Amino acid sequence: MIVKRRGEKVGVRANLFIAVVLAVAALTSGCDAVSSKANGVSEPLTPEQSKAQVVDAAREIVQTLKLDASAVVFRRSSCNDQHEAPFRGVVRIKYPLASSFEASGSEVEQMVQQLKSNGWGENTDFKTHASSLAKNQVVAVFNPQAKGTVNRSIELYGECRDVTTTKDSAGTTEQIDLN
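Counting with mature numbering (1 follows the signal peptide of the UniProt record, and there is no 0), you get residues -33 to -1, 1 to 146 for the letters of the sequence shown.
Here you go:
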């Protein structure tokens, strides 16, 4: 048995106590920051901000193109296959069919050119077979007219920065009035 001086025992206990306190403080003080980093999001958006991001972009597109939108629908979409955070806002703008597939393709090309002249660009890493543009971290995808559908659509995808929404709180689709 090793006999230690009383001061040494107190010093070891004090150091151990301080180490435990610091570890607990580190683990509990930054839960949000740790959670955000774990999802790969350094500057998260609130659910309201992620919705506003795509709704504002949809409003701009409808006004710029003077589009006769038959419906505008908002939803939240997980950015992964596990339906976990982060989420993004998604808006679908539905508008009438063209008289033919060729006419639709021509109209979409005109829309793309008009939006390009208003600051939208093709510089996007978003993978799609359709025409797409981006502005302010929102990607607009012009879905091609398809046989058997009752309308055409433009889908807008916001940033994957909403780490607050969960699978349970994501909800369903919501009709949006852009006026």
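Cβ atoms here follow ideal geometry from the backbone N, Cα and C, with glycine treated the same way.
Keep in mind it's a predicted model, so treat the numbers as computed, not measured.
Member of the options whose CA lies at the smallest distance from the CA of residue i
{"i": "residue 146", "options": "15, 13, 9 and 29", "result": "29"}
{"i": "residue 116", "options": "90, 104, 63 and 123", "result": "63"}
{"i": "residue 103", "options": "18, 37 and 24", "result": "24"}
{"i": "residue 35", "options": "120, 50, 57 and 125", "result": "120"}
{"i": "residue 81", "options": "99, 15, 143 and 65", "result": "99"}
{"i": "residue 140", "options": "65, 77, 59 and 105", "result": "59"}
{"i": "residue 41", "options": "33, 123 and 86", "result": "123"}
{"i": "residue 46", "options": "93, 27, 65 and 67", "result": "93"}
{"i": "residue 19", "options": "114, 105, 110 and 109", "result": "105"}
{"i": "residue 32", "options": "95, 15 and 77", "result": "77"}
{"i": "residue 144", "options": "51, 73, 26 and 14", "result": "26"}
{"i": "residue 68", "options": "88, 14 and 114", "result": "114"}
Short Cβ contact (9 Å threshold) for residue i with residue j
{"i": "residue 44", "j": "residue 107", "result": "no"}
{"i": "residue 84", "j": "residue 112", "result": "no"}
{"i": "residue 61", "j": "residue 39", "result": "yes"}
{"i": "residue 21", "j": "residue 57", "result": "yes"}
{"i": "residue 17", "j": "residue 126", "result": "yes"}
{"i": "residue 11", "j": "residue 133", "result": "no"}
{"i": "residue 53", "j": "residue 7", "result": "yes"}
{"i": "residue 37", "j": "residue 110", "result": "no"}
According to DSSP, residues forming a beta bridge with residue i
{"i": "residue 48", "result": "Bridge partners of residue 48: none, in fact."}
{"i": "residue 110", "result": "120"}
{"i": "residue 98", "result": "109"}
{"i": "residue 38", "result": "61"}
{"i": "residue 129", "result": "12 and 54"}
{"i": "residue 88", "result": "101"}
{"i": "residue 141", "result": "41"}
Inter-residue CB distance, residue i and residue j (contact presumed, cutoff 8 Å)
{"i": "residue 55", "j": "residue 129", "result": "6 Å"}
{"i": "residue 101", "j": "residue 90", "result": "6 Å"}
Residue i at chain D interface by Cβ criterion, 9 Å
{"i": "residue 68", "result": "The structure shown has no chain D; it contains just one protein chain."}
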